[in-house]
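Working notes, beginning with the structure itself.
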Amino acid sequence: MVKAVHWIWVVTSLWFTGYAHALAWDELTPFEVTASTPIIAAPANNLLVLVDPQGTIGFEEALQRKAEFKPAAEVGPFDARHHYWIMQKFASRLSTDKNFWLEGLWKYVHSHVIRADGSVTTLKTAGFFTGKYSALSDVNPFLPSSAKAPSREALFTLYKGEELTVLSHAKSFPGFPPKSLVLSLVDNERYLELRRFGLYTEGALLGILVALSIFGWYSYVANKDRAGLLYGIWISFSLFQILTLMSQDGSHFAEFMVNINERYIGVVTFVGLHFNIAAYGQITFYFLFASAYLQIARYFPKTQLLIYVLITYFLTHMLLTMSVEHNINPQWVFAGNATLPVIVFLFLYKAALERYRQGMGVAIFWLIASIPYFIFRLIWISGLMGFASVFSYLPESGIGFLLQNTNVSQSIALCAEAMIMALAVISRNVWIQKELAKSMDLQKSLVEQQNKVLEETVKERTKELAEQHQALDSAHQMVLGSVNYASRLQRSQLPRPLRIDGRFTSFATIWEPRDTIGGDLYWLSSSQQPGPFVLAVADCTGHGVPGAMLSLLVSNSLERIYANDTSEDPAKALMSLDHYVRTGLNQDRSDSESDDGCDAAILRIHREQQTVEFAGAKLGLFHVSAQGVVTRYQASRCSLGYQSRIEDKDKPKVQTIAYQAGDTFAIVTDGLTDQIGGPSVIKKSYGYKRIETILKTNCLRSAQEIANAIHADYALWQDTQRRRDDVTAVFFQL
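Going by numbering that gives the first Met the number 0, the first residue of the sequence shown is number 0, and it counts up by one from there.
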């Protein structure tokens, strides 16, 4: 009584303080409740809205700001982060009093009923989750029956002929805004009758899934089949999903439990958390079960990869929606949930058809069962994204009213799918057993036949093997002799002392093919030509016999380039070598089957001018002064002779280097620098830094001493590691 008097005083004082001019509030036409009003009515034209961005406006202040309330259409875009004050008017045209409550997809709703006499009644907190548990869980069943549990809804009574105002403070879920700002009016008595029908339906679905869950796990224990295991997990998640189902009046998971709806983790309640885990777990293990059932990983690896991508998306999406508060339109938030599963499902369906054509007869069960599941899931996703369900056109009675909730329709489809797939699991087990029996019989027959054949052929094969061994040994000796002879020929192509003597103060090389012969070479121009002389080093594609054949072509091409004189500068000589190798291998033709070449470095040495002209194609040059200063000249980033022509920006360029007496020059191929080894557990390449260090340390020694130092360090580095490539290094002093 005191509270009623207080609110009468508040409303009266506000009226006399200057807000009587709020005509939009006072003249709003109430929504008339008649006998033909639906069970759930959404009076869109009988409300006004005040935006409360920070949620700081209280009830009394909201009354003082009546003039700021606007029709919903004038409020602007909905923001899930804002709070809203919603004023609605209702007028009873009924012959009896009736209980109603307001509902909507809101995080919470605080409602105040203002009656015609000015009295105000504050209703308990409501919301889609808040308060959605049975207060029977708080009632001692051993107390007298007069101790009745209160309603689970925020009820208010609309007396016959009465007109009243409901002012509600509402806050949306982040990312799950309601379809409109209207708080729907629910006829409690009529709704409870339909709710009972819904509980019966849900109980039947749960009973089916409990039985199927027991069957699924029993099937796995009996057969130890991966598909059976995933079926059991999927059915268990399906059971949990229906148990936490968001039907018209919320989740029944807490129906006879303590109030866990109002306890939050992240941005969702515990019930919301359970529902998300169940929903995402169910769809995830559905695809995993389908994959195992149809043997997708074995026959369709790309489709299996799509399934893994989809599962990763589901897990990421679940974590984000439960932890991040945002104002993104749900149609965008759930766009991936609507499109990605459909795409993967179509690939899966195509794979199932192919498996059926391949002889997997039990694939027909999955093909049939997946159709209703797919259709009802599309309906559920469309409802999640804000689109009207196809069941919204059914009458608001019985099963029609129940199916208007897309979660319910999906659950019915889930049970239908589970029952058909139970038959599929049984049939698959029988099919596997038959296939195993056939395979065992076939194997037994084959073993018997093979034993007979083996007994008859062992003697013949023993004799043949002895003859073949002798023939192979002869062939091996022939090949070995040929390779050794080729090695002698290849060594004879390297520069003879006649071309080396008198040109260098000191000259040394390391030339070690990975196999007996290889693709590395070094070359000197004829000593009979006057003027500057030319030194070249090349690393041809491959090693062994192919590399040796290519090195012969490169050596002959260099002789051809510098046949008459050494006037052609190193850069042009490299381009000429590129041309000769490409044409020599017919790689200038579009139908060429070859795509080989080499890396090379060419030096033209002017002893009178004490200069060296250098150009390289992926082979650089070290220059070490007598003072120990090491300079590394980089080569261009092109290779020679391949089918692809060298672009202008990558063509070799001449670098002129002045030297002093006693300076050392070095060229090494990548067989040296790329060799894996070293003392550490994690092996790495030999690299250029170690070469620079040895060159600097031994700058005053002869070329042969430098070559010996690098060779010894390289051998220690390689240790027991396998040689990766041919190794060539040239050292000289002028």
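For glycine and all other residues, C-beta sits at the position ideal for the given N, C-alpha and C.
Roughly how many whole angstroms lie between the Cα atoms of residue i and residue j?
i, j, result
"Leu-715", "Arg-588", "46 Å"
"Lys-106", "Asn-222", "46 Å"
"Glu-26", "Leu-180", "20 Å"
"Arg-502", "Gln-489", "23 Å"
"Gln-528", "Arg-606", "14 Å"
"Thr-311", "Arg-80", "28 Å"
"Glu-162", "Phe-30", "9 Å"
"Leu-694", "Phe-664", "9 Å"
"Tyr-285", "Ala-43", "40 Å"
"Met-420", "Thr-121", "51 Å"
"Lys-648", "Ala-616", "13 Å"
"Thr-540", "Val-580", "12 Å"
"Ile-411", "Leu-204", "7 Å"
"Asp-598", "Val-611", "20 Å"
"Ile-656", "Lys-688", "21 Å"
"Gln-720", "Gln-674", "9 Å"
"Tyr-713", "Ala-706", "10 Å"
"Thr-315", "Val-429", "38 Å"
"Ala-169", "Val-119", "18 Å"
"Gln-642", "Ser-486", "29 Å"
"Val-628", "Ala-600", "22 Å"
"Ala-34", "Arg-114", "22 Å"
"Val-343", "Asn-483", "60 Å"
"Leu-347", "Ser-290", "8 Å"
"Ser-481", "Thr-668", "27 Å"
"Ile-38", "Asp-186", "5 Å"
"Phe-364", "Pro-173", "40 Å"
"Ser-237", "Trp-331", "26 Å"
"His-20", "Gln-63", "Any reading at His-20 needs caution, since the residue's pLDDT is 37, under 50, leaving its predicted position unreliable; the model's value is listed next. Their Cα atoms are separated by approximately 11 Å."
How many whole angstroms separate the CB atoms of residue i and residue j, which I take to be in contact at a CB cut-off of 8 Å?
i, j, result
"Ile-282", "Phe-313", "7 Å"
"Val-726", "Gly-670", "4 Å"
"Asn-98", "Thr-36", "Not really, about 14 Å apart at Cβ, beyond 8 Å."
"Tyr-219", "Leu-208", "Wrong, their Cβ atoms sit about 16 Å apart, outside the cutoff."
"Leu-702", "Ala-507", "Before going further, note that residue 702 is Ala rather than Leu in the sequence given. Yes, Ala-702 and Ala-507 are in contact; Cβ-Cβ is about 4 Å, under 8 Å."
"Ser-635", "Lys-650", "7 Å"
Looking at the strands, I want to know which residues DSSP matches up with residue i.
i, result
"Met-420", "Paired residue(s): none; Met-420 is not in a bridge."
"Gln-654", "Phe-613"
"Arg-603", "Val-533, Glu-612"
"Gln-732", "Ser-505, Thr-663"
"Gly-676", "Lys-683"
"Tyr-632", "Leu-620"
"Glu-162", "Ala-90"
"Phe-155", "Phe-99"
"Ile-39", "Val-185"
"Ser-110", "Ser-167"
"Trp-716", "Note: Trp-716 sits in no beta bridge, so no partner."
"Cys-597", "Cys-539, Leu-639"
"Phe-30", "Phe-89"
"Ala-125", "Val-108"
Who are the near neighbours of residue i in its chain, counting only those whose CB is closer than 8 Å to its CB and skipping five residues on each side?
i, result
"Asp-662", "His-622, Val-623, Ser-624, Ala-625, Gln-732, Leu-733"
"Tyr-561", "Ser-524, Ser-525, Gln-528, Val-533, Glu-567, Ala-572"
"Val-452", "none"
"Ala-350", "Leu-293, Ile-295, Tyr-298, Phe-299, Thr-302"
"Pro-494", "Tyr-521, Trp-522, Leu-523"
"Thr-565", "Ser-524, Gln-528, Gly-530, Pro-531, Phe-532, Val-533, Arg-603"
"Asn-45", "Leu-27, Thr-28, Pro-29, Phe-30, Gln-87, Lys-88, Phe-89"
Enumerate in chain order the residues of its own chain whose CB-to-CB distance from residue i is below 6 Å, with the five nearest sequence positions on each side excluded.
i, result
"Gln-654", "Phe-613, Tyr-632"
"Lys-2", "For Lys-2, the predicted model reports a pLDDT of 46, less than 50, meaning its position is unreliable; a value from the coordinates is still stated below. So no residue of the chain qualifies."
"Tyr-279", "Phe-313, Met-317"
"Arg-354", "Leu-293, Ala-362"
"Tyr-230", "Gly-215, Phe-288, Val-424"
"Gln-492", "Ser-554"
"Arg-498", "Leu-523, Ser-526"
Give every residue of the same chain whose Cβ lies closer than 7 Å to the Cβ of residue i, excluding the five residues on either side of it in the sequence, and list them in chain order.
i, result
"His-542", "Pro-512, Arg-513, Asp-514, Gly-517, Gly-518, Asp-724, Asp-725"
"Arg-700", "none"
"Ser-438", "none"
"Gly-676", "Lys-682, Tyr-685, Trp-716, Gln-717, Asp-718, Gln-720"
Counting only beta-carbon atoms, is residue i nearer than 9 Å to chain C?
i, result
"Tyr-355", "In summary, chain C is missing from the structure at hand, where a single protein chain is found."
Problem set entry | beta strand (DSSP E) runs contained entirely in the segment 520-545, provided each spans 3 or more residues | 532-539
At which residue ranges does the segment 52-107 contain complete alpha helix (DSSP H) runs of 4 or more residues, listed in the order of the chain?
Secondary structure remark: continuous alpha helix (DSSP H) runs of at least 4 residues inside the segment 52-107, in chain order: 58-63.
Taking the runs of the alpha helix (DSSP H) that are 4 residues or longer, which of them lie wholly in the segment 430-508? Here the runs fully enclosed are 496-499.
| field | Ranges of the alpha helix (DSSP H) found wholly within the segment 543-580, counting only runs of at least 4 | value | 543-560
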